[in-house]
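**Q** 86 is the number of the first residue of the sequence shown in the numbering used here; add one for each residue after it.
Glycine residues also receive a C-beta, built at the ideal position from the N, C-alpha and C atoms.
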Amino acid sequence: MKILLLAKNGQLGWELNRSLLPLGNIFAYDKLQANLEEPDMFVRLVREIKPDVIVNPAAYTNVDLAETEKVRAYQINTTAPGILAEEARRIGAILIHYSTDYVFDGVKTSPYVENDVPNPLNEYGRSKLLGEQALQSEAGAYLILRTSWVYSLRQTGGFVNKVLQWSRKQKELRIVTDQIGSPTWARVLAETTALVLSKGINYLDERTGLYHLAGNGFASRYELAQMILEMDPNRGEQMVSSLLPALTSDFPLPAARPAYSPLDCSKFEKTFQLLLPHWRNTLQIAFEQ
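(1) My output table needs one value for Phe112: the three-state DSSP class, helix, strand or coil.
(2) In this structure, what does DSSP give as the bridge partners for Arg103?
(3) Straight-line CA distance for Lys256 to Asn246?
(4) Using CA atoms only, rank isn't needed, just tell me which of Trp99, Leu117, Asp125 is closest to Val140.
(5) Label Ser212 either buried or exposed according to how many other C-beta atoms from any shown protein chain fall within 10 Å of its C-beta, with 16 as the threshold for buried.
(6) For Asp290, count the other beta carbons within 10 Å of its own beta carbon; 16 or more makes it buried, fewer makes it exposed. Which is it?
(7) In terms of DSSP beta bridges, what is Trp270 paired with?
(8) May I ask you to report which of helix, strand or coil DSSP gives Ala304?
(9) Give me the Cβ distance between Ala143 and Gly95, rounded to the nearest whole Å; I'm assuming they're in contact under 8 Å.
(10) Taking its Cβ as the centre, do 16 or more other Cβ atoms sit within 10 Å of Ser283, making it buried, or is it exposed?
(11) Spell out a yes or no on whether the stretch 194 to 204 and the stretch 150 to 157 are touching, meaning 3 or more CB-CB pairs, one atom from each, closer than 8 Å.
(12) Buried or exposed: Glu133, going by 16 or more other Cβ atoms within 10 Å of its Cβ?
(13) So the candidates are Val261, Val156, Trp364; which of them puts its Cα closest to the Cα of Leu298?
(14) If we count the other Cβ atoms within 10 Å of its Cβ and call it buried at 16 or more, is Val156 buried or exposed?
(15) Helix, strand or coil for Arg253? Go by DSSP, reduced to three states.
(16) Is the beta carbon of Thr232 sitting closer than 9 Å to the one on Ser184?
(17) Counting beta carbon pairs with one atom in the stretch 106 to 122 and one in the stretch 300 to 310, are three or more of them shorter than 8 Å?
(18) Do Tyr227 and Trp270 have their C-beta atoms closer together than 9 Å?
(19) With burial defined as no fewer than 16 other Cβ atoms inside 10 Å of the residue's Cβ, what is the status of Glu322: buried or exposed?
(20) What separation, rounded to the nearest whole angstrom, lies between the Cα atoms of Leu90 and Ile286?
(21) What does a CB cutoff of less than 6 Å around Ile179 pick up in its chain, not counting 5 residues either side in sequence?
(22) Roughly how many angstroms separate the alpha carbons of Glu373 and Ser222, rounded to a whole number?
(23) Is the CB-CB distance between Val148 and Tyr209 below 9 Å?
Okay, structure coming up:
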């Protein structure tokens, strides 16, 4: 199997590069080598390599900056996936693309399923939703995997690492209780993707579609922060003595966030006959490794 992987150095891309390696020949490129703002560059790569599978974890993910950097956000999150889908269809490749829980507005009180109507609250969410639609209109075989609150401990960004950093600099942390989602370890995303791919090209051809893929269960940002502080293997380095509940309105930001965006992954589990682990278990494993 010949696999083209984009954004190989991102938090998900790095894990994908590691997990996909046993499946065949991996052609992995970083954001400079395959810049999604320059279509000619990544189109040339697709046509030269002629992969069986294209895996695209690349995205513009700065939710607040996307409110003003709209052109860049839409180029990466909307235009590029559509072009990739068209190129994948031309060569008969499967396109695997990752999307976000931020396509939803958060007004539900139960986890979102795939056929719930999207209604993004911010430009990031809109750009990702339009990217899904552009891909679906152009692609042959594809998997769109919507995920939620992705983290990786090997990089400095993301909520989990921020909590760890704050805990070493502040005696008091105020974390919001009114944002609820499904924390997802990047390694689980990558290994699950590899497991699905290992079933073969024909298997995936027959299961083309949109799926939710995230950590099982859900938590508020506050509950997640509690677990992070408790599981931190270097708790002795923590300065924090108080973790206090707060509201989203206490921290005005340019982009609105959905208050409730857990993802129901039943369709994915049933289709691919896989049981996804609970987010608490994977967070513990992530810290142990």
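**A** Let me spell this out:
(1) Secondary structure of Phe112 (DSSP, three-state): strand.
(2) Answer is none; Arg103 lacks a bridge partner.
(3) For Lys256 and Asn246, the gap between their C-alpha atoms comes out near 17 Å.
(4) Residue Trp99 is the option with its Cα nearest to Val140.
(5) Flag for Ser212 reads buried.
(6) Exposed: under 16 other Cβ atoms inside 10 Å.
(7) Answer is Tyr236.
(8) In the structure shown, Ala304 sits in a strand (DSSP, three-state: E or B).
(9) With 8 Å as the limit, Ala143 and Gly95 qualify as a contact, their Cβ atoms being about 7 Å apart.
(10) By the C-beta density criterion, Ser283 is exposed, having fewer than 16 other C-beta atoms within 10 angstroms.
(11) No, the stretch 194 to 204 is not in contact with the stretch 150 to 157.
(12) Of the residues assessed, Glu133 falls on the exposed side of the cut-off, its CB having fewer than 16 other CB atoms within 10 angstroms.
(13) Relative to the Cα of Leu298, the nearest Cα in the group Val261, Val156, Trp364 belongs to Trp364.
(14) Classified as exposed, Val156 has fewer than 16 neighbouring CB atoms from the shown chains inside 10 Å of its CB.
(15) Three-state DSSP puts Arg253 in coil, outside helix and strand.
(16) Their beta carbons are under 9 Å apart, which means Thr232 touches Ser184 by this criterion.
(17) Contact fails: fewer than three Cβ-Cβ distances are below 8 Å.
(18) No; because the gap between Cβ atoms is not below 9 Å, this pair is not in contact.
(19) Within 10 angstroms of the beta-carbon of Glu322 lie fewer than 16 other beta-carbons, which makes it exposed.
(20) Those two C-alpha atoms are separated by around 16 Å.
(21) Result list for Ile179: Val138, Ala226, Leu289, in chain order.
(22) Going by the C-alpha atoms only, they are around 42 Å apart.
(23) Yes.
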